[in-house]
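Here the structure comes first, spelled out in structure tokens, and everything after it is commentary.
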Amino acid sequence: MENIRNFCIIAHIDHGKSTLADRLLEYTGTVAARDLTKQMLDDMDLEQERGITIKLHAVQIKYQSHDKKNCTLNLIDTPGHVDFTYEVSRSLAACEGAILVIDATQGVEAQTISNLYLAIDAGLEIIPFINKVDLPSAKTMIDTVKKQVVDLIGCKEEEILMGSAKSGMGTDEVLEAIVTRIPAPKGDPAAPLQALIFDSVFDEYRGAVAYVRVMEGTIREKDKIRFFSNGKEFQAEDVGILEMQKKRTGTLSAGDVGYVIANVKDVHDTKVGDTITLADNPAADPLPGYKEAKPMVFSGMYPSNSDDFGELRDALDKLKLNDASLIFEPESSVALGFGFRAGFLGLLHMEIVRERLEREYNQNLINTVPNVEYRVTTTDKEVIYVDNPALMPDAGKIEKVEEPFVKAQIITPTEYIGNIMKLCMDRRGVHKNTTYLSPERADIHFELPLSEIIFDFYDKLKSLSRGYASLDYDFIDYFDSDLVKLDILLNGEPVDALSTIIHRAKSYEWGRKLCRKLRELIPRQMFEVAIQAAIGSKVIARESLSAIRKNVLAKCYGGDITRKRKLLEKQKEGKRRMKRVGSVEVPQEAFFAVLSLEE
Amino acid sequence: MASIYIHIPFCEHKCIYCDFYSVVPAETGTEGYSQRQQYISSLKAEIEILAENKSCNESIGTIFFGGGTPSLLHPSEIEQILDTLAAHFSIEAGAEITLEANPGTVDKNKLADFRTAGINRISIGIQSFHDDDLKFLTRIHSSSEAKKCVKDASEAGFENISFDLIFSLPGQTLSRWKSNLEQAVELQPAHISCYSLSVEPKTPLFYMIQSRQAAQVEMERDADLYEFTIDFLSSHGYEQYEVSNFARRDPASDFKCRHNLNYWNHSNYLGFGPSAHSFWINERWWNISNLSEYIKKINIRTLPVSEREKLTAAQLMEEAIFLGLRSEGIDLNGFRRKFSRDLSAENERVISELIKQDKIILVNGRMRLTAKGYVICDEICQKLH
Ligand SMILES: Nc1nc2c(ncn2[C@@H]2O[C@H](COP(=O)(O)OP(=O)(O)OP(=O)(O)O)[C@@H](O)[C@H]2O)c(=O)[nH]1
Ligand code: SF4
Ligand SMILES: [Mg+2]
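Residue numbers (my numbering), protein chains in the order written: chain A, 12 to 610; chain B, 71 to 455.
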């Protein structure tokens with residue numbers, strides 16, 4: 012056990028974690044050079060396409076240190092995007108150390124800080140690695156970045172490693188530092204089993220596959236295992252380690268990272284954060300496990316075809332095994348039928364969930380406009396949480412509505428402070444303070460309504476700082492706001508799935524834009540359609556979509572019939588996918604229209 | 071009763087909006103003549119090969135020479151084709167035999183000879199009575215030639231004369247179109263087809279519109295012109311019996327085009343020549359749209375079929391709905407017998423709404439479109455299943 016090292020790689024997005032992992036795989040011969048691909052641990056198509064890591068990825072490598080120790084290193088590559096922080100914090104609990112990667116050309120950014128704090132809280136040994144020194148622009152920055160790192164971590168300058176994950180420079184030092192600086196795991200292979208499930212995935216044939224870090228004891232195939240959370244027992248059928256593929260070893264002991272397959276067919280039985288123990292010799296207590304992720308945004312997810320509700324439930328259940336931060340519960344909508352209200356850590360998370368459902372589970376979905384969760388106090392003093400605007404009580408029954416606020420931390424070169432201040436003020440932000448990390452770098456703190464930053468705030472921030480500012484945020488509390496519910500009506504019929512909750516001061520403009528957008532998206536019908544935005548019974552914006560005047564093919568003779576029929580079949584298929592509101596046919600994109608409302 | 075379509079794939083010039091299959095043959099003289107001769111023999115061979123291979127024992131009630139420009143053929147060539155057909159099929163005594171003729175390719179004598187050859191209905195590609203419209207469309211004739219052609223045809227003895235007209239040309243005003251219709255009805259043809267100019271992909275017109283050299287008429291204007299057409303013709307003695315087709319009301323004769331009605335009734339038809347489509351019971355097939363390939367196939371005594379499809383009952387039903395709606399309506403009992411489906415009951419909500427809006431009417435067990443319905447025929451078809 013003293014030759015095992017469990018560590019993860021953490022950083023702000025794009026600082027080069029996965030590329031560094033490539034170098035470690037290559038250098039240690041875990042993957043032959045000819046088989047190596049870029050960011051090879053990012054094995055989901057979506058990760059490769061978007062060039063970002065979405066899931067944590069665990070892999071074991073063997074390394075012989077300079078003093079000839081044969082070491083087993085369990086590496087976990089983590090995502091950098093703020094929406095996937097839950098993956099990071101779960102990884103930390105399976106490790107004793109973390110490599111904190113810092114891009115030499117960017118310096119310390121928001122998630123450098125937030126992920127570092129998570130690692131420190133988890134009691135991990137931190138190894139800072141300044142990456143991308145091969146880039147020309149790194150030269151002038153390196154000293155500044157070193158100083159930032161020293162200030163941030165409180166380490167000595169000599170403890171900072173430097174190199175290039177692209178060229179491989181510094182890889183050897185990283186490996187040596189892992190062996191010499193990160194402590195070996197503790198734990199007793201003979202003690203009662205405590206294995207932490209830090210991730211899982213559903214396999215159609217084999218059921219749930221749990222990824223575990225064994226803290227105490229030993230697990231062997233044929234052992235009768237028990238899940239702490241529900242007391243259910245199963246027989247371990249296949250136990251092994253995680254190399255580039257799963258490798259069956261038959262046993263895992265304290266300090267090890269690996270997988271356990273136990274014919275668990277009901278997806279609800281395996282829970283990330285749960286502890287596995289042995290039925291015959293159970294541990295007294297479970298491991299601390301994880302705090303549940305707190306969803307920030309909510310959206311309705313409906314099957315395009317209302318009959319597919321059951322299938323969607325099944326897909327969500329299975330996906331949740333692999334995405335512990337996803338939550339959902341059934342709901343229904345007049346316009347869309349039966350579906351789910353799902354909670355996400357952010358918009359990117361929502362997009363990824365949607366895409367995974369479509370790709371991995373063949374679902375066809377309609378997403379409604381995302382929103383945050385509101386806290387409503389009714390006139391009879393009841394406090395309720397509303398995560399679906401359609402379920403907002405009538406204005407007359409509301410005493411107050413509060414919305415979630417976050418503490419936002421923005422790290423930026425000083426020249427963009429003015430722009431950023433303006434952006435935050437426009438978003439109803441309250442400036443708290445600004446500190447200077449260095450003469451050129453500011454750390455700005457604002458309190459902002461969450462609803463103001465979930466949409467396009469991040470993109471705006473990036474564009475007005477030429478990509479240099481970074482953002483991190485944490486929920487603080489619910490605060491009173493002058494919020495109203497804005498309804499959309501089509502020919503007088505409210506479209507529940509299009510209701511939004513919005514600050515009164517912004518409601519008029521929003522209503523106007525939304526109506527205009529809907530007029531573009533809804534195809535002309537056989538009758539005129541009035542598109543209205545209303546607050547209560549007061550209409551605040553109106554657009555009208557004139558009736559279709561003509562739609563008929565001029566010629567349809569012997570040679571045109573087949574073509575005409577095929578076209579008609581296609582058109583009918585298109586219509587089938589539309590949703591009816593009263594007699595108006597609404598295309599599915601319309602329910603997501605708000606996201607493409609430009610300023 | 072079945073029909074036969076003969077495609078004549080030659081034109082003197084390719085019009086900018088046209089997506090029919092036709093080629094411009096080598097200039098006049100012997101070369102053009104020999105190409106035509108070769109085609110006529112291939113066509114005759116195709117008729118023979120098909121007749122040998124397929125037993126089509128239904129009598130033939132209509133024959134249609136379309137194109138291209140069939141009037142480019144010599145009347146004796148038409149006669150040869152009709153003779154070949156008669157040798158292999160049983161042509162009814164009163165069969166409707168139509169020839170499409172373009173002004174500028176015929177004179178009175180030639181028309182009279184066509185008549186002698188057996189043609190009894192002539193469809194004249196007038197398109198417009200305005201020279202600048204004709205110029206825009208790159209037609210080869212002028213408006214005076216168009217009028218002359220009509221006069222020639224009637225002097226040659228044709229009673230069943232049809233006009234083709236096109237509206238919704240870029241920039242066309244209502245009054246301009248109205249004058250076309252006025253000039254047309256003044257000539258009292260038996261039948262008028264009015265087509266809204268459609269911009270077909272890959273035609274020169276399509277590229278002109280893409281590159282903004284011409285402006286496509288907006289839907290509103292197109293609708294105005296079309297609605298006006300329907301009103302105007304019906305108040306001038308013409309009955310609309312299909313989206314684009316109007317027949318003169320005449321107590322003594324029915325001038326609706328029987329050939330086209332057959333298409334819309336799902337009757338059987340055989341098509342000969344490149345790009346021609348055939349439909350027999352529940353199978354549809356169509357020939358390759360390439361003259362030399364066509365001739366090659368015939369030379370090795372193979373049918374020049376490009377594709378075939380066997381229609382499922384659902385597809386036949388789909389077609390019956392849109393073909394019926396765009397023409398004389400759907401006979402609801404007949405429909406039920408044929409497809410075991412009660413169209414009106416299954417679409418009751420939609421249909422009663424459309425009746426309320428005066429877009430559909432039920433008469434004598436038929437469900438048919440009103441003038442208002444024809445305008446959005448395709449929209450209505452999408453709503454019925
Ligand atoms: N020039 C240079 N580019 C690098 C280096 N390391 C990584 N990159 C590039 O930086 C980009 C991001 O690298 P990744 O390894 O995907 O970054 P990451 O930290 O894993 O990103 P996320 O997982 O999405 O947070 C890629 O285009 C890499 O090729 C380096 O040392 N030098
Ligand atoms: S004459 Fe008719 S078939 Fe020939 S090119 Fe013109 S429109 Fe087409
Ligand atoms: Mg990565």
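Every residue, glycine too, gets a C-beta built ideally from N, C-alpha and C.
- Distance from the CA atom of B:K180 to the CA atom of B:H200, rounded to whole angstroms, is 25 Å.
- The DSSP-derived three-state label of B:A157 is helix.
- Near chain B, meaning a CB-to-CB distance below 8 Å, the residues of the segment 554 to 566 of chain A are I559, R560, K561, N562, V563, L564, A565 and K566.
- With a cutoff of 8 Å on beta-carbon distance, A:I20 and A:D88 are scored as near each other.
- Within a 10 Å sphere around the beta-carbon of B:F184 sit 16 or more other beta-carbons, which makes this residue buried.
- Beyond the five residues adjoining it in sequence on each side, B:L413 comes within less than 8 Å, by CB distance, of I391, I400, L402, F405, R406, M437 and L454 in the same chain, given in chain order.
- Excluding the 5 residues flanking it on each side, B:G195 has same chain C-beta neighbours closer than 6 Å at N172 and D234, in chain order.
- Checking the 7 Å criterion, the Cβ of A:S175 is out of range of every heavy atom belonging to ligand 3.
- Annotated three-state conformation of B:A163 is strand, per DSSP.
- Residue environment for A:K282: buried (at least 16 other C-beta atoms within 10 angstroms of its C-beta).
- Every residue whose Cβ sits closer than 5 Å to any heavy atom of ligand 3 is listed here in chain order: A:K28, A:S29 and A:T64.
- Annotation for A:Q50 indicates a beta carbon within 7 Å of some heavy atom of ligand 1.
- For B:L204, none of the residues of chain A pass the 8 Å Cβ criterion, the least Cβ distance being about 19 Å.
- Around the CB of A:N126, 16 or more other CB atoms lie within 10 Å, so the residue is classed as buried.
- For A:A109, the shortest C-beta to heavy atom distance toward ligand 1 is 7 Å or greater.
- In the displayed model, B:K453 falls within a helix according to three-state DSSP.
- Bounds of the beta strand (DSSP E) holding A:M226 are G218 to E227.
- With 16 or more other Cβ atoms from the protein chains shown falling within 10 Å of its own Cβ, A:I24 counts as buried.
- Not flagged as an interface residue toward chain B: A:R61, since no C-beta distance is shorter than 8 Å.
- In this structure B:K221 is exposed. Its beta-carbon is surrounded by fewer than 16 other beta-carbon atoms within 10 angstroms.
- Going by DSSP, A:G354 is part of the beta strand (DSSP E) stretching over G348 to F355.
- The C-alpha of A:Q117 is placed about 13 Å away from the C-alpha of A:D145.
- The beta carbon of A:M589 does not come within 8 Å of any beta carbon belonging to chain B, so the residue lies off that interface.
- Contiguous beta strand (DSSP E) elements confined to the segment 391 to 467 of chain A occur at 394 to 397, 409 to 424, 441 to 449 and 452 to 460, taking only those with 3 or more residues.
- With a threshold of 7 Å, the Cβ atom of B:C219 does not count as near ligand 2, since no heavy atom of the ligand is closer than that.
- Shown in chain order are the members of the segment 369 to 398 of chain B whose Cβ falls below 8 Å from a Cβ of chain A: E379, Q385, E388, E389, F392, L393 and R396.
- Between A:I465 and A:V364, the gap from beta carbon to beta carbon reaches 8 Å or more.
- The Cβ atoms of A:E451 and A:P424 lie closer than 8 Å to each other.
- Beta-carbon to beta-carbon, B:G131 and B:E166 are separated by about 7 Å, close enough to satisfy the 8 Å threshold.
- When DSSP reads this structure, A:S315 sits in no beta bridge, so it has no partner.
- Taking the Cβ of B:K84 as the reference point, at least one heavy atom of ligand 2 falls within a distance shorter than 7 Å.
- Counting the other CB atoms within 10 Å of its CB gives A:P139 a total of 16 or more, which places it among the buried residues.
- The C-alpha of B:T440 is placed about 7 Å away from the C-alpha of B:I431.
- Around the beta carbon of B:N123, fewer than 16 other beta carbons sit within 10 angstroms, so the residue counts as exposed.
- Relative to ligand 1, A:I24 has its C-beta within less than 7 Å of a heavy atom.
- Closest in C-alpha terms to A:V112, from the list A:L67, A:Y222 and A:L172, comes A:L172.
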